[in-house]
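Written out below as structure tokens is the structure these notes cover.
Protein chains: 2
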Amino acid sequence: MIRAIAVDIDGTMTSEDRRLDVAAVEAVRMAEEAGVPVVLSTGNVLAFAEAIATVLGTSGPLIAEDGGVVFDQRSGQEYVLGDRVEADRGLEALERKFDRLEQTRSSNLRLAGLTLKRAITAAQAMEVFRSEGLDLVAVDSGFAIHIRSPAVNKGNALRKVASLLGVTTAEIAAIGDAENDVEMLQAAGLSFAVANSHEAAKKASTYVTSGSHGRGVAEAIDKVLTLRR
Amino acid sequence: MIRAIAVDIDGTMTSEDRRLDVAAVEAVRMAEEAGVPVVLSTGNVLAFAEAIATVLGTSGPLIAEDGGVVFDQRSGQEYVLGDRVEADRGLEALERKFDRLEQTRSSNLRLAGLTLKRAITAAQAMEVFRSEGLDLVAVDSGFAIHIRSPAVNKGNALRKVASLLGVTTAEIAAIGDAENDVEMLQAAGLSFAVANSHEAAKKASTYVTSGSHGRGVAEAIDKVLTLRR
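Shown next, in the form of structure tokens:
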């Protein structure tokens, strides 16, 4: 029995232009009304996730920073699953090697890692971390270079969410579209990749929806709620 | 000619439960598609306003912290119209007088003031500010006690927004519902209070919509766009 639904925001609930799809908003509210808490998941900072949860009315824990942060909306407790201090050490190592590195505007709000403007490649950063023995990875999201601990991913965050909700990950359905959703899709009991998904997200999922973005989310949530009846 | 529309989020675009009204979302997007930038306005922090602007797709400058902060989305420039340092001095003065004062969770994200949990009244705080000669006001929003400079209000913020957009405030329409929207409604060339508005907001407005919350916003935006044709 599915007892919670984890939904990626970026590219899944939103279109290419980053706008929320109204179909997804309505589906998410239908899940909440049916007593199934929705867990919003994003690569963005916690303040972003909190704002979206507030205006959508989702009650489940929040996954931010690609799994680096989990926030329990009921208790107000934040769980940092990454290591900002190690990421800052990584930045120092990069600054010794490269000029003109700049953090993105939201980087100072990050608790579990940091984000750099794309002046260097992820591979260049990884090379420095390896040679310095730093326990860090660099990932290019297309918007920024994310510096974080290798253990940070949405799958590990989903395990934390499950324990906060008192359910197993097998009782959680997940909906996503991107490579950074793969671990979450694999960890969930039932998983959906929306039609616009990256091939890796499709391969990691039980179902691929016929609709893209918000219509795909609505389709997936409808399936989950139908199966509960 | 109305060239921009400023809309309050809290209680205007959202219902009592803080959820965004889909009717308001669609109306705001219609304005943007008609080439009329929408200016979101909130008592919340800038990170909240930015998140909502991103997922709604509004392009106008943002008003956060009840006018204490204006953010130009085009240039990425933040304008702080309040004084956090003075607010921190106010907090120190209050702490000398009262025990167990606690800032709200988002207070550390505030640039132009701060917010306290409601352990003391706004009147008690005002009394301390007066006796210490501090240039501060305390306002009870129902959620928190806001400490900020007296000059901070959404009307002054709207004047800043107008200059950023290169229009006059007479060319801006404003939509709101609460006492903290009054200065913005008065400063705007055309103003709408949604049906659920506080009496003061209704008195400050050209029109009171027949619909509440999001339906009121849709009604107001429809009027503005019709008048442009």
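In order, the protein sequence lines correspond to chains A and B.
The first sequence: position 186 = 175 (my numbering), numbered continuously.
The second sequence: position 88 = 77 (my numbering), numbered continuously.
For every residue, glycine included, the Cβ atom is placed at its ideal position computed from N, Cα and C.
**Asked** In the structure shown, what three-state DSSP assignment does Thr1(B) receive?
**Response** Numbered from its first residue, the second sequence carries residue 1(B) at position 12. In this structure, Thr1(B) counts as helix in the three-state DSSP scheme.
**Asked** Who are Thr104(B)'s beta bridge partners in DSSP?
**Response** Sequence index remark: in the second sequence, residue 104(B) carries index 115 (1-based). Looking at the DSSP assignment, Thr104(B) forms a beta bridge with His135(B).
**Asked** Do the segment 92 to 107 of chain B and the segment 116 to 135 of chain B make contact, defined as three or more Cβ pairs closer than 8 Å?
**Response** Yes: the two stretches touch, three or more of their Cβ pairs being nearer than 8 Å.
**Request:** Over the uninterrupted beta strand (DSSP E) stretch that includes Ser30(A), give me the two end residues.
**Result:** Within the first sequence, residue 30(A) is the residue found at index 41, counting from 1. Ser30(A) -> beta strand (DSSP E) spans 27 to 30.
**Prompt:** Between which two residues does the alpha helix (DSSP H) harbouring Asp77(A) extend?
**Reply:** Here residue 77(A) refers to the residue found at position 88 when the first sequence is read from its first residue. Where Asp77(A) is concerned, the enclosing alpha helix (DSSP H) stretches over 73 to 86.
**Asked** Ends of the beta strand (DSSP E) at Leu51(A)?
**Response** By one-based count along the first sequence, residue 51(A) stands at place 62. In the DSSP assignment, Leu51(A) falls within the beta strand (DSSP E) that extends over 51 to 53.
**Request:** Rank Arg7(A), Glu5(A), Ala193(A), Ala23(A) by C-alpha distance to the C-alpha of Arg218(A) and give the top, closest one.
**Result:** One-based indexing of the first sequence puts residue 218(A) at position 229. The shortest C-alpha separation from Arg218(A) is found at Ala23(A).
**Prompt:** When DSSP labels each residue in this structure, what does Gly144(B) get in the three-state scheme?
**Reply:** Mapped onto the second sequence, residue 144(B) falls at position 155. DSSP places Gly144(B) in helix when its eight states are reduced to three.
**Prompt:** Of the residues that make up the segment -1 to 11 of chain B, which ones have a beta carbon closer than 7 Å to any beta carbon in chain A?
**Reply:** So the list reads Thr3, Asp6, Arg7, Arg8, Leu9, Val11, given in the order they occur along the chain.
**Request:** Identify which residue in Arg89(B), Val126(B), Val27(B), Gln113(B) has its Cα closest to the Cα of Ala76(B).
**Result:** The residue you call residue 76(B) lines up with position 87 of the second sequence. Ranking Arg89(B), Val126(B), Val27(B), Gln113(B) by Cα distance to Ala76(B) puts Val126(B) first.
**Request:** Ignoring anything shorter than 3 residues or poking outside the segment 139 to 217 of chain A, list the beta strand (DSSP E) runs there in chain order.
**Result:** Runs of the beta strand (DSSP E) inside the segment 139 to 217 of chain A: 161 to 165, 179 to 182.
**Prompt:** DSSP on Leu98(B), reduced to helix/strand/coil?
**Reply:** On the second sequence, residue 98(B) is found 109 positions in, with the first residue counted as 1. Leu98(B) falls in the helix class under three-state DSSP.
**Integer Cβ distance of Leu51(B) from Ala38(B), believed to fall under 8 Å** = Working through the second sequence from its first residue, we reach residue 51(B) at position 62. Working through the second sequence from its first residue, we reach residue 38(B) at position 49. With 8 Å as the limit, Leu51(B) and Ala38(B) qualify as a contact, their Cβ atoms being about 4 Å apart.
**Limits of the alpha helix (DSSP H) - the one that Ala127(B) falls within** = Numbered from its first residue, the second sequence carries residue 127(B) at position 138. Boundaries for Ala127(B): no alpha helix (DSSP H) harbours it, while the beta strand (DSSP E) harbouring it runs 126 to 129, taken from the DSSP string.
**Message:** Count Cβ pairs between the segment 27 to 35 of chain B and the segment 198 to 206 of chain B that sit closer than 8 Å; are there 3 or more?
**Reply:** Contact between the segment 27 to 35 of chain B and the segment 198 to 206 of chain B is absent, with fewer than three C-beta pairs closer than 8 Å.
**Asked** Among Tyr196(B), Ala184(B), Thr158(B), which has the Cα closest to the Cα of Ala(-5)(B)?
**Response** In the second sequence, residue -5(B) corresponds to position 6, counting from 1. Answer by Cα proximity: Thr158(B).
**Prompt:** So which residues of chain B does Glu160(A) contact, with C-beta pairs closer than 7 Å?
**Reply:** Within the first sequence, residue 160(A) is the residue found at index 171, counting from 1. Ordered by position in chain B, no residue passes the 7 Å Cβ test against Glu160(A), which lies about 26 Å from the chain.
**Asked** Mapping DSSP to helix, strand and coil, what is Glu67(A)?
**Response** Residue 67(A) sits at position 78 when you count from the first residue of the first sequence. Here Glu67(A) carries a strand assignment [DSSP, helix/strand/coil].
**Request:** Spatial neighbours of Glu21(B) within its chain, please: CB distance less than 7 Å, with the 5 preceding and 5 following residues excluded, ordered by chain position.
**Result:** Locating residue 21(B) in the second sequence gives position 32, counting from the first residue. Same-chain partners within the cutoff: Val27, Gly46, Thr47, Ser48.
**Request:** Using only alpha-carbon positions, find the residue among Leu214(A), Val213(A), Lys212(A), Ala167(A) that is nearest to Lys192(A).
**Result:** Against the first sequence, residue 192(A) aligns to sequence position 203. Nearest to Lys192(A) by C-alpha distance, out of Leu214(A), Val213(A), Lys212(A), Ala167(A), is Ala167(A).
**Item:** DSSP-derived helix/strand/coil call for Ile41(A)
**Value:** Numbered from 1 along the first sequence, position 52 holds the residue referred to as residue 41(A). Looking at Ile41(A) - three-state DSSP - the assignment turns out to be helix.
**Asked** Who does Gln92(B) pair with in a DSSP beta bridge?
**Response** Translated into the one-based positions of the second sequence, residue 92(B) becomes position 103. According to DSSP, which records beta bridges pairwise, Gln92(B) is partnered with Leu105(B).
**Asked** By Cβ distance, which residues of its chain are closer than 6 Å to Arg204(A), with the 5 residues on each side in sequence left out?
**Response** Locating residue 204(A) in the first sequence gives position 215, where the first residue counts as 1. Here Arg204(A) has Ala12 as same chain residues with Cβ atoms under 6 Å from its own Cβ, once five neighbours each way along the sequence are excluded.
**Asked** Going along chain A, which residues have a C-beta under 8 Å from Leu45(B)?
**Response** Position 56 of the second sequence, counted from the start, is the residue given in the question as residue 45(B). Neighbours of Leu45(B) in chain A, taken as residues whose beta carbon is under 8 Å from its own, are Arg8, Leu9 in chain order.
**Asked** Distance, Cα to Cα, Val141(A) vs Gly56(A)?
**Response** Against the first sequence, residue 141(A) aligns to sequence position 152. Against the first sequence, residue 56(A) aligns to sequence position 67. Spanning the alpha carbons of Val141(A) and Gly56(A) requires a straight line of approximately 6 Å.
**Prompt:** So which residues of chain D does Ile41(A) contact, with C-beta pairs closer than 7 Å?
**Reply:** Chain labels in this structure do not include chain D; the protein chains are A and B.
**Sub-9 Å separation of Glu121(B) and Lys143(B) beta-carbons** = Position 132 of the second sequence, counted from the start, is the residue given in the question as residue 121(B). Position 154 of the second sequence, counted from the start, is the residue given in the question as residue 143(B). Cβ distance not < 9 Å, so Glu121(B) and Lys143(B) don't count as in contact.
**Asked** Is Ala151(B) near Ile164(B), with beta carbons less than 9 Å apart?
**Response** By 1-based counting over the second sequence, the position of residue 151(B) is 162. By 1-based counting over the second sequence, the position of residue 164(B) is 175. Contact: no.
**Asked** Just the Cα atoms here: how many angstroms apart are Val128(A) and Leu153(A)?
**Response** By 1-based counting over the first sequence, the position of residue 128(A) is 139. By 1-based counting over the first sequence, the position of residue 153(A) is 164. Whole-angstrom Cα-Cα distance: 28 Å.
**Asked** Can you list, in chain order, the residues of its chain whose CB lies under 7 Å from that of Met2(B), leaving out five sequence neighbours each side?
**Response** Indexing the second sequence from 1 puts residue 2(B) at position 13. Same-chain partners within the cutoff: Val(-4), Leu9, Asp10, Ala13, Gly203, Val206.
**Message:** At the level of alpha carbons, what is the spacing between Asp72(B) and Ser194(B)?
**Reply:** Residue numbering aside, residue 72(B) sits at position 83 when the second sequence is read from its first letter. Residue numbering aside, residue 194(B) sits at position 205 when the second sequence is read from its first letter. Going from the Cα of Asp72(B) to the Cα of Ser194(B) covers about 29 Å.
**Item:** Chain-ordered chain B contacts of Arg94(A) [CB-CB under 8 Å]
**Value:** Sequence index remark: in the first sequence, residue 94(A) carries index 105 (1-based). Ordered by position in chain B, the residues that pass the 8 Å Cβ test against Arg94(A) are Gly65.
**Request:** Return the CA-CA distance between Gly155(B) and Lys212(B), expressed in angstroms with no decimal places.
**Result:** One-based indexing of the second sequence puts residue 155(B) at position 166. One-based indexing of the second sequence puts residue 212(B) at position 223. Answer to the nearest angstrom: the Cα atoms are 23 Å apart.
**Request:** Enumerate in chain order the residues of its own chain whose CB-to-CB distance from His187(B) is below 8 Å, with the five nearest sequence positions on each side excluded.
**Result:** Taking the second sequence and counting its residues from 1, one reaches residue 187(B) at position 198. Asp166, Ala167, Glu168, listed in sequence order.
**Request:** Determine the direct distance from the alpha carbon of Ile(-2)(A) to that of Glu91(B), and round the result to whole angstroms.
**Result:** If you number the second sequence from 1, residue 91(B) lands on position 102. If you number the first sequence from 1, residue -2(A) lands on position 9. Taking the straight line joining both Cα atoms gives about 32 Å.
**Asked** So the alpha helix (DSSP H) Ala117(B) belongs to, where does it begin and stop?
**Response** As a working mapping, residue 117(B) is identified with position 128 in the second sequence. It should be noted that the sequence gives Val, not Ala, for residue 117(B). In the DSSP assignment, Val117(B) falls within the unbroken alpha helix (DSSP H) covering 111 to 121.
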